[in-house]
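Input: a single structure, listed below in structure tokens.
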Amino acid sequence: MKIHVQTKSGEFEYDCEQGENLLYAGLRQGLTLPYECATGTCGTCRARVQEGEIGLEWEDAPGLSYVNHEKNELLMCRSTASGNCTLRVPAKVTDGAGDMAIPGYRKGKINNVRERTHDVVSFDVTLDSPMAFDAGQFAVLETEVVTGGRAYSMVNYATSTDTLDFVIKRKPEGKFSDWLFENNIDGHEIDVFGPLGKATFHPEEKKNLLCMAGGSGIAGMMSIIARGCEVSHFADHRGHVFFGVRTAEDVFYLDELSSFVDAYPETLEVTVALSDEDIPRDLENRYPRIKFHTGFVHSVTSEQMAGKYDNILAYVAGPPPMVDGALRMLVLEAR
Ligand code: FES
30 MKIHVQTKSG EFEYDCEQGE NLLYAGLRQG LTLPYECATG TCGTCRARVQ EGEIGLEWED
90 APGLSYVNHE KNELLMCRST ASGNCTLRVP AKVTDGAGDM AIPGYRKGKI NNVRERTHDV
150 VSFDVTLDSP MAFDAGQFAV LETEVVTGGR AYSMVNYATS TDTLDFVIKR KPEGKFSDWL
210 FENNIDGHEI DVFGPLGKAT FHPEEKKNLL CMAGGSGIAG MMSIIARGCE VSHFADHRGH
270 VFFGVRTAED VFYLDELSSF VDAYPETLEV TVALSDEDIP RDLENRYPRI KFHTGFVHSV
330 TSEQMAGKYD NILAYVAGPP PMVDGALRML VLEAR
């Protein structure tokens, strides 16, 4: 079927398969349709139906609070068409993603499942065809066992790879994370759509980096730092990584973060912030390359970064309250 879109930069038409969501169909054909989460929470992919029959995949999608139902609006990332239709998209759209890789569907197999903490697992997904992506991008994973896809940032970085690494924190009542934690998922086949996301790292911008992460938000930062190390970015730029968790039991990736610092001890700093307890002495002894502080990650960042915001590019990822605190701090202090 054909999807016709009226946008602020002209009109476009693309093909859509039966049952395929409207956003992914456009993106895989190179249209830069607006999105952020790609999974129904942010409301960025809002569009108005001008003509045609649309079905909704997830009636409780949080992003629906941003749409005006009376005006026939929908979320493209959670809607399918049952025939040709026309949408009005309130954004500038181009036909061609520039240097960014065009996302597509792949089949993947879960391997190498590792428990990182009591509520964090990591695993690899082996793809049936290689994917090129930028450091900081994410993919949507979907299993037939749970309705709807979930977006997770890649931890690894590679220019083109058939293996994607993920780290996932169990969410209270999270159906996908419950499935991951309660079943033997090694070898399970899943659908993968990606790469997605624009919070990417491009060394040619020649910026010092500030990465602030809460919990599994560290995933995309690992990819960015790996990329930075790969291209020797930290030979002449500074990198400041702040990783916030509640207690020492919740922290992970310390070996990997230590080895990044080992490679660039003069310019790359990693600080772990524990919000709910004092720093255990043995943790400091085991990881001498890493700094530890008590406090919320945005407060610790504020203290440690004062006067160091010159030529800096900041990345923030984590639970919404942490991201809100970090953004407020950056606006007020880093300006
Ligand atoms: Fe976030 Fe669709 S892209 S709700």
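Number 56 in the numbering used here belongs to position 27 of the sequence shown; there are no gaps in the numbering.
The beta carbon of each residue, even a glycine, is placed where N, CA and C say it ideally should be.
Note that the structure is predicted; figures quoted are calculated from it, not measured.
(message) To the nearest angstrom, how far is the alpha carbon of residue 329 from that of residue 354?
(response) Position 300 of the sequence shown holds residue 329. Position 325 of the sequence shown holds residue 354. Looking at the two C-alpha atoms, the distance is approximately 11 Å.
(request) Could you tell me the boundaries of the alpha helix (DSSP H) in which residue 350 lies? (result) Start at 1 with the first residue of the sequence shown, and residue 350 comes out as number 321. If you look at residue 350, you'll find it in the alpha helix (DSSP H) that goes 349-358.
(message) Out of 243, 176, 211, which one is the CA nearest neighbour of residue 347?
(response) Residue numbering aside, residue 347 sits at position 318 when the sequence shown is read from its first letter. That would be 243, whose Cα lies nearest to the Cα of residue 347.
(message) Within 10 Å of its beta-carbon, does residue 280 have 16 or more other beta-carbons around it, so buried, or fewer, so exposed?
(response) Taking the first residue of the sequence shown as position 1, residue 280 is located at position 251. Answer is buried; the Cβ neighbour count reaches 16.
(message) Taking 8 Å as the threshold (C-beta atoms), are residue 292 and residue 325 in contact?
(response) Locating residue 325 in the sequence shown gives position 296, counting from the first residue. Locating residue 292 in the sequence shown gives position 263, counting from the first residue. For residue 325 and residue 292, no; Cβs fall outside 8 Å.
(message) Going by DSSP in three states, residue 304 sits in which element: helix, strand or coil?
(response) To locate residue 304, count along the sequence shown from 1; it is residue 275. Correct three-state label for residue 304: coil.
(request) Measure how close the beta-carbons of residue 77 and residue 116 come, nearest whole angstrom, since I'm counting them as under 8 Å. (result) Position 48 of the sequence shown, counted from the first residue, corresponds to residue 77. Position 87 of the sequence shown, counted from the first residue, corresponds to residue 116. Confirmed, about 7 Å.
(message) Strictly closer than 6 Å from CB to any heavy atom of the ligand FES: give me those residues in the order they appear in the chain.
(response) Residues whose Cβ lies closer than 6 Å to any heavy atom of the ligand FES, listed in chain order: 64, 65, 66, 67, 69, 70, 71, 72, 73, 74, 92, 104, 106.
(message) So, does the stretch 34-47 touch the stretch 81-90, judging by three or more C-beta pairs under 8 Å?
(response) No contact exists between the stretch 34-47 and the stretch 81-90.
(message) Rounded to the nearest angstrom, what separates residue 187 and residue 162 at their Cα positions?
(response) Residue numbering aside, residue 187 sits at position 158 when the sequence shown is read from its first letter. Residue numbering aside, residue 162 sits at position 133 when the sequence shown is read from its first letter. Residue 187 and residue 162: Cα-Cα distance of roughly 7 Å.
(message) Measuring only the C-alpha atoms, how far is residue 253 from residue 71?
(response) Residue mapping note: residue 253 aligns to position 224 of the sequence shown, counting from 1. Residue mapping note: residue 71 aligns to position 42 of the sequence shown, counting from 1. Whole-angstrom Cα-Cα distance: 23 Å.
(request) Please say whether residue 319 and residue 283 have beta carbons closer to each other than 8 Å? (result) Locating residue 283 in the sequence shown gives position 254, counting from the first residue. Locating residue 319 in the sequence shown gives position 290, counting from the first residue. Residue 319 is positioned such that its CB atom lies closer than 8 Å to that of residue 283.
(request) Report the three-state DSSP secondary structure of residue 108 (helix, strand or coil). (result) As a working mapping, residue 108 is identified with position 79 in the sequence shown. Three-state result, residue 108: strand.
(request) Leaving aside the five residues before and after residue 155 along the sequence, list all residues of the same chain whose C-beta is less than 7 Å from its C-beta, in chain order. (result) Your numbering for residue 155 matches position 126 in the sequence shown. If we look at residue 155 and ignore the five residues flanking it on each side, its Cβ neighbours are 137, 138, 140, 191, 192.
(message) Could you compute how far the alpha carbon of residue 184 sits from the alpha carbon of residue 236?
(response) In the sequence shown, counting from the first residue as 1, residue 184 sits at position 155. In the sequence shown, counting from the first residue as 1, residue 236 sits at position 207. Roughly 21 Å between the two C-alpha positions.
(request) With a floor of 4 residues, list each alpha helix (DSSP H) that falls wholly inside the stretch 309-333, ordered by position along the chain. (result) With a minimum length of 4 residues, the continuous alpha helix (DSSP H) runs that stay inside the stretch 309-333 are 310-315.
(request) Kindly give me the distance between the Cβ atoms of residue 232 and residue 257, rounded to whole angstroms, as I take these residues to be in contact under 8 Å. (result) The residue you call residue 232 lines up with position 203 of the sequence shown. The residue you call residue 257 lines up with position 228 of the sequence shown. Correct: roughly 7 Å between the Cβ atoms.
(message) Can you list, in chain order, the residues of its chain with a C-beta nearer than 7 Å to that of residue 64? Leave out the 5 residues immediately preceding and following it.
(response) Residue numbering aside, residue 64 sits at position 35 when the sequence shown is read from its first letter. If we look at residue 64 and ignore the five residues flanking it on each side, its Cβ neighbours are 52, 73, 74, 106.
(request) Pick out whichever of 247, 128, 109, 270 has its Cα sitting closest to the Cα of residue 69. (result) By 1-based counting over the sequence shown, the position of residue 69 is 40. Cα-wise, what sits closest to residue 69 is 109.
(message) When you compare the CB positions of residue 135 and residue 153, do they come within less than 8 Å of one another, or not?
(response) Counting from 1 along the sequence shown, the entry for residue 135 is found at position 106. Counting from 1 along the sequence shown, the entry for residue 153 is found at position 124. Their beta carbons are not under 8 Å apart, which means residue 135 does not touch residue 153 by this criterion.
(message) Taking 8 Å as the threshold (C-beta atoms), are residue 272 and residue 299 in contact?
(response) Taking the first residue of the sequence shown as position 1, residue 299 is located at position 270. Taking the first residue of the sequence shown as position 1, residue 272 is located at position 243. Yes.
(message) Given this structure, state the Cα-to-Cα distance separating residue 149 from residue 189, to the nearest angstrom.
(response) Taking the first residue of the sequence shown as 1, we reach residue 149 at position 120. Taking the first residue of the sequence shown as 1, we reach residue 189 at position 160. C-alpha separation (whole angstroms): 26 Å.
(message) Just verifying my parser: in three-state terms, what is the DSSP assignment at residue 272?
(response) Residue numbering aside, residue 272 sits at position 243 when the sequence shown is read from its first letter. Reduced to three states, the DSSP call for residue 272 is strand.
(request) Please state whether DSSP places residue 98 in a helix, a strand or coil. (result) Residue 98 sits at position 69 when you count from the first residue of the sequence shown. Residue state for residue 98 is assigned as helix, using DSSP reduced to three classes.
(request) Jot down the residue ranges of each uninterrupted alpha helix (DSSP H) in the stretch 51-103, minimum 4 residues, whole runs only, in chain order. (result) Taking only runs of at least 4 residues, the alpha helix (DSSP H) segments lying wholly in the stretch 51-103 are 51-57.
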